[in-house]
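Enquirer:
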Amino acid sequence: MAGQQRVYKQRIGSTKSMQQIFRAMELIATSRITKARQAVAASTPYSRAITRAVSAVATYSDADHPLTTERAEVRRSAVLVVTSDRGMAGAYSASVLREAERLVVRLREEGVEPVLYVVGRKGSAYYRFRRRDVAQEWAGFSESPRFDDAREIGETLVEQFVRSSSPEDGGAPGVDEIHVVSTQFVSMVTQVPQVNRLLPLEVVEGVEPPSGDELLPLYEFEPSPDRVLDALLPRYIASRIHNALLQAAASEHAARQRAMKTAGDNAEDLVKMYTRLANQARQAAITQEITEIVGGADALAGASPS
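Quick note: the sequence shown, position 266, residue 266 per the UniProt record's numbering, numbers continuous.
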């Protein structure tokens with residue numbers, strides 16, 4: 001019985017230590033999520049505005065820009081998967097990786113070769129463990145991404161996009177599409193994994209192409225639609241990726257805060273259970289000692305001469 005009490009007390013001590021760690025991580029995530037939400041709110045209007053501006057140029061002009069034109073044949077697609085650098089965030093990274101796997105399967109069924117680009121150490125570890133080829137990895141900024149990080153990722157992807165997927169000169173092939181798999185921050189309790197096609201440009205809500213009997217609005221692009229697209233597209237790519245990284249960071253903080261709160265509550269339940277078991281073991285030890293004393297006294301009374 002004494003051995004059981006010692007085991008339960010050790011478990012109570014270790015569980016309380018883990019509970020303190022969970023509470024500390026919950027507080028850290030709670031303190032960071034406010035700043036992450038403010039960053040998302042600040043970047044979303046600019047991202048939407050520049051997307052609509054680029055969509056307007058592509059829709060209301062006859063510009064034949066390589067970044068907005070659908071390829072006749074899609075051979076290779078870049079898939080940028082945004083995960084976290086650290087764990088203990090519940091199913092946050094697993095949900096993104098599951099969505100990326102669905103996209104990869106769909107692309108392969110359509111005869112398209114997916115080319116993986118990964119943000120975050122959790123995604124890199126996932127593909128490395130499965131011996132999957134990854135074209136390029138970025139890590140170290142999933143919780144607080146900067147615009148320079150997004151610009152570096154965007155330049156890499158655009159460089160691959162402008163390169164032909166079937167080069168006649170025998171060089172390294174590029175990609176014909178760019179997809180981003182990340183997590184959209186909806187609220188503190190809702191974060192949704194999503195897939196967005198970054199390039200070729202898709203017409204966004206509010207800039208629908210006109211029907212046949214509808215007159216085109218009076219847009220004028222100076223000095224020319226091609227020059228306007230050349231100036232807007234690098235900013236468009238970087239801003240869309242930056243917004244996706246910020247939304248993913250806010251989602252990661254929210255998921256970690258919720259996971260740590262659940263873990264802390266479970267640790268508290270474990271402490272209560274081990275305390276109850278330890279008390280039961282102590283009561284059983286006391287009962288056994290009393291039984292042994294009474295049994296010994298009865299034996300002595302029976303052995304004494306009358």
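We treat Cβ as the ideally placed atom computed from N, Cα and C, and that holds for glycine.
The structure displayed is predicted, hence computed values, not measured ones.
Under the DSSP definition of a beta bridge, which residues are partnered with Gln136?
Expert: Answer is Tyr117.
Enquirer: On the DSSP bridge assignment, give the partners of Asn279 in chain order.
Expert: BP columns for Asn279 are empty, so no partner.
Enquirer: Hey, could you find the ends of the beta strand (DSSP E) Ser61 is sitting in?
Expert: Premise fails: Ser61 is in no beta strand (DSSP E) and is neither H nor E.
Enquirer: Distance, Cα to Cα, Ser31 vs Ile12?
Expert: When rounded, the distance between both Cα atoms is 28 Å.
Enquirer: Would you please state the rounded distance, in angstroms, between the beta carbons of Val175 and Val115? I believe it to be under 8 Å.
Expert: That belief holds up - the Cβ atoms of Val175 and Val115 are roughly 6 Å apart, short of 8 Å.
Enquirer: Where do the N-terminal and C-terminal ends of the alpha helix (DSSP H) with Val96 fall, by residue?
Expert: That run of the alpha helix (DSSP H) goes 92–109.
Enquirer: Are the segment 177–188 and the segment 250–264 in contact at 8 Å, needing three or more beta carbon pairs?
Expert: Verdict: yes, contact present.
Enquirer: Between the alpha carbons of Glu202 and Ser77, how many angstroms are there, rounded?
Expert: Taking the straight line from one Cα to the other gives about 15 Å.
Enquirer: Just to confirm, is the Cβ distance from Ser61 to Phe221 under 7 Å?
Expert: In contact: Ser61 and Phe221 (Cβ atoms closer than 7 Å).
Enquirer: How about Ser84 and Lys122: are their beta carbons less than 7 Å apart?
Expert: Going by C-beta atoms, Ser84 is nearer than 7 Å to Lys122.
Enquirer: Need the endpoints of the beta strand (DSSP E) that Thr156 sits in, please.
Expert: Segment 147–162 is the alpha helix (DSSP H) holding Thr156; no beta strand (DSSP E) there.
Enquirer: When you compare only the Cα positions, how much space is there between Val82 and Ala39?
Expert: Whole-angstrom Cα-Cα distance: 17 Å.
Enquirer: Rank Trp138, Leu233, Phe129 by C-alpha distance to the C-alpha of Thr51 and give the top, closest one.
Expert: The candidate whose alpha carbon is nearest that of Thr51 is Leu233.
Enquirer: Is the Cβ-Cβ distance between Lys272 and Glu26 less than 7 Å?
Expert: No; because the gap between Cβ atoms is not below 7 Å, this pair is not in contact.
Enquirer: For Pro225, name the three-state secondary structure that DSSP assigns.
Expert: Three-state result, Pro225: helix.
Enquirer: May I ask you to report which of helix, strand or coil DSSP gives Ser187?
Expert: Of the three classes helix, strand and coil, the one that applies to Ser187 here is coil, per DSSP.
Enquirer: Using DSSP bridges, identify the partner residues of Gln194.
Expert: Answer is Ser182, bridged to Gln194.
Enquirer: Got a sec, what are the start and stop residues for the beta strand (DSSP E) Leu80 sits in?
Expert: Element bounds for Leu80: 76–82.
Enquirer: Under the rule that 16 or more other beta-carbon atoms within 10 Å means buried, what is Pro193, buried or exposed?
Expert: When all chains shown are included, Pro193 counts as buried.
Enquirer: When you compare the CB positions of residue 315 and Ala135, do they come within less than 7 Å of one another, or not?
Expert: The shown model of the chain, from 1 to 306, leaves out residue 315, and the question about it has no answer.
Enquirer: Could you check whether Met18 and Ala267 sit closer than 7 Å to each other, using their CB atoms as the reference points?
Expert: Yes; because the gap between Cβ atoms is below 7 Å, this pair is in contact.
Enquirer: Looking at Gly120 and Ile237, is the spacing between their C-beta atoms short of 7 Å?
Expert: Against a cut-off of 7 Å, the Cβ pair of Gly120 and Ile237 comes out as no contact.
Enquirer: Answer with buried or exposed for Phe297, where buried requires no fewer than 16 other C-beta atoms within 10 angstroms of its C-beta.
Expert: This sequence places Ala at residue 297; Phe is not what is there. Counting Cβ neighbours within 10 Å, Ala297 comes out exposed, since fewer than 16 surround it.
Enquirer: His242 and Phe141 - do their beta-carbons sit closer together than 7 Å?
Expert: For Phe141 and His242, no; Cβs fall outside 7 Å.
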